[in-house]
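Numbering (the numbering used here), first residue to last: 4 to 274.
Backbone N, C-alpha and C fix where the C-beta goes; we use that ideal spot for every residue, glycine too.
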């Protein structure tokens, strides 16, 4: 149910999503367009995910680069977040291989003591070089309406679970290689793109977020606005990605804004 570059798209009945929801209702709308759905905000989603993964890798993951990691694309639509995660990894591998070739062809001279020009601190969407020990991310996905569109676009499976199912403890299966003990594997991150604001009941949103906080370390919410409101006591703290520290739940520091797409990050308080 990932919703919402301005590139040719399919599966959108009207240009305004508000009009679509008003005329058909959210559930009925996605039943109509589920097999062909495309999110028109894909470029912004991609940039936000690249920025998040760059920072996460630098501050946390780089310490154990060879460990497998799991991303849960919740309400996955036609796979915009999944494709972005996998492309980030693929480009990082290509960057590393190119870096190795360049080093072999042009070994750096001994320039100890040389004065290097300062580089401006600009957030880069270019993935860092990832060597061969960095495993391909494992992505699991759910969407009650767009499983066919997701599989068609990503060649991956999508469980037809809704938010209520997840709040009650149902999650897609992990690959057998990651099911190594009776204790279920923790998810490294949940990405929810253009969908979480569709949970209108605060009690239902709380139930969903609390359950997620017991299963995943990070929650990445991508949306065209700053909704929904997440409250203290719901299992998550707001995370300032720039400072890499907890911030007040109402603070906007450390968020991303790319091509009118907002990205907020939260850290679980329960794992």
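Per DSSP, the bridge partner or partners of residue 249: As a first step, residue 249 is located in the chain shown; it is residue number 246 there, counting from the start. In the DSSP output, where bridge partners are listed per residue, residue 249 has 242.
Please give me, in chain order, every unbroken run of the alpha helix (DSSP H) with length at least 4 that falls completely inside the segment 194-228. Every alpha helix (DSSP H) of 4 residues or more that sits fully in the segment 194-228 is shown, in chain order, as 205-216.
Return helix, strand or coil for residue 159, following the three-state DSSP convention. Sequence index remark: in the chain shown, residue 159 carries index 156 (1-based). Here residue 159 sits in coil by DSSP.
Whole angstroms are fine: how far does the CA of residue 151 sit from the CA of residue 131? If you number the chain shown from 1, residue 131 lands on position 128. If you number the chain shown from 1, residue 151 lands on position 148. Roughly 32 Å between the two C-alpha positions.
Length of the line joining the Cα atoms of residue 225 and residue 69: As a first step, residue 225 is located in the chain shown; it is residue number 222 there, counting from the start. As a first step, residue 69 is located in the chain shown; it is residue number 66 there, counting from the start. A straight-line Cα-Cα distance of about 27 Å links residue 225 and residue 69.
Contacting residues, own chain, Cβ-Cβ under 7 Å from residue 157 (five flanking each side not counted): As a working note, residue 157 is residue 154 in the chain shown. Once the five neighbours on either side are set aside, the close Cβ partners of residue 157 are 82, 85, 86.
Compute the distance between the beta-carbons of residue 211 and residue 166, then report whether it is under 9 Å. Translated into the one-based positions of the chain shown, residue 211 becomes position 208. Translated into the one-based positions of the chain shown, residue 166 becomes position 163. Cβ atoms of residue 211 and residue 166: closer than 9 Å.
C-beta atoms of residue 202 and residue 221 nearer than 9 Å: By one-based count along the chain shown, residue 202 stands at place 199. By one-based count along the chain shown, residue 221 stands at place 218. Their beta carbons are not under 9 Å apart, which means residue 202 does not touch residue 221 by this criterion.
Inter-residue Cα distance where the pair is residue 260 and residue 129: The residue you call residue 260 lines up with position 257 of the chain shown. The residue you call residue 129 lines up with position 126 of the chain shown. Take the alpha-carbon of residue 260 and the one of residue 129: they are about 16 Å apart.
Among 199, 93, 109, whose alpha-carbon lies nearest the alpha-carbon of residue 141? On the chain shown, residue 141 is found 138 positions in, with the first residue counted as 1. Residue 93 is the option with its Cα nearest to residue 141.
DSSP three-state call for residue 270: helix, strand or coil? Translated into positions along the chain shown, residue 270 becomes position 267. In this structure, DSSP gives residue 270 an extended state, which the three-state scheme calls strand.
C-beta atoms of residue 229 and residue 206 nearer than 9 Å: Counted from its first residue, the chain shown places residue 229 at position 226. Counted from its first residue, the chain shown places residue 206 at position 203. No, these two residues do not count as a Cβ contact at 9 Å.
Can you tell me which of the three DSSP states residue 103 falls into? In the chain shown, counting from the first residue as 1, residue 103 sits at position 100. Helix at residue 103.
Take residue 181 and list the residues in its own chain whose beta-carbon comes closer than 8 Å to its own, dropping the five residues that flank it on each side. Along the chain shown, read from residue 1 onward, the residue named residue 181 stands at position 178. Cβ within range, chain order: 71, 73, 141, 188.
Here's the rule I'm using: 16 or more other beta-carbon atoms within 10 Å means buried, otherwise exposed. How should residue 208 be labelled? To locate residue 208, count along the chain shown from 1; it is residue 205. Per the 10 Å Cβ criterion, buried.
Buried or exposed (CB count within 10 angstroms, at least 16 for buried), residue 137: For the purposes of this step, residue 137 is taken as the residue at position 134 of the chain shown. By the neighbour-count criterion, in which a residue is buried when 16 or more other Cβ atoms sit within 10 angstroms of its Cβ, residue 137 is buried.
Beta-carbon separation (whole angstroms), residue 263 vs residue 231, contact threshold 8 Å: The residue labelled residue 263 in the question sits at position 260 within the chain shown. The residue labelled residue 231 in the question sits at position 228 within the chain shown. Contact check for residue 263 and residue 231: beta-carbon distance about 18 Å, past the 8 Å limit, so the pair fails to qualify.
Is it right to say residue 247 is buried, meaning 16 or more other beta carbons lie within 10 angstroms of its own, or is it exposed? Within the chain shown, numbered from 1, the residue matching residue 247 stands at position 244. Exposed: under 16 other Cβ atoms inside 10 Å.
Could you please give me the residues that DSSP links to residue 261 through a beta bridge? Here residue 261 refers to the residue found at position 258 when the chain shown is read from its first residue. DSSP, once it has assigned bridges, lists 264 as partnering residue 261.
The alpha helix (DSSP H) enclosing residue 169, as first and last residue numbers: Taking the first residue of the chain shown as position 1, residue 169 is located at position 166. It spans 166-170 - the alpha helix (DSSP H) in which residue 169 sits, taken as one unbroken run.
Taking 9 Å as the threshold (C-beta atoms), are residue 149 and residue 79 in contact? In the chain shown, residue 79 corresponds to position 76, counting from 1. In the chain shown, residue 149 corresponds to position 146, counting from 1. A contact, by the Cβ cut-off of 9 Å.
Please confirm whether residue 233 has its beta-carbon closer than 9 Å to some beta-carbon of chain B. Looking for chain B here will not work: only one protein chain is present.
Simplified DSSP state of residue 134, which is helix, strand or coil: To locate residue 134, count along the chain shown from 1; it is residue 131. Here DSSP, grouped into helix, strand and coil, assigns residue 134 to coil.
When you compare only the Cα positions, how much space is there between residue 96 and residue 54? The count along the chain shown starts at 1 and reaches residue 96 at position 93. The count along the chain shown starts at 1 and reaches residue 54 at position 51. The straight-line gap from Cα to Cα measures roughly 17 Å.
By how many angstroms is the C-alpha of residue 75 removed from the C-alpha of residue 213? Here residue 213 refers to the residue found at position 210 when the chain shown is read from its first residue. Here residue 75 refers to the residue found at position 72 when the chain shown is read from its first residue. It is roughly 15 Å from the alpha-carbon of residue 213 to the alpha-carbon of residue 75.
If you draw a straight line from the alpha carbon of residue 63 to that of residue 77, how long is it in whole angstroms? Against the chain shown, residue 63 aligns to sequence position 60. Against the chain shown, residue 77 aligns to sequence position 74. Roughly 22 Å between the two C-alpha positions.
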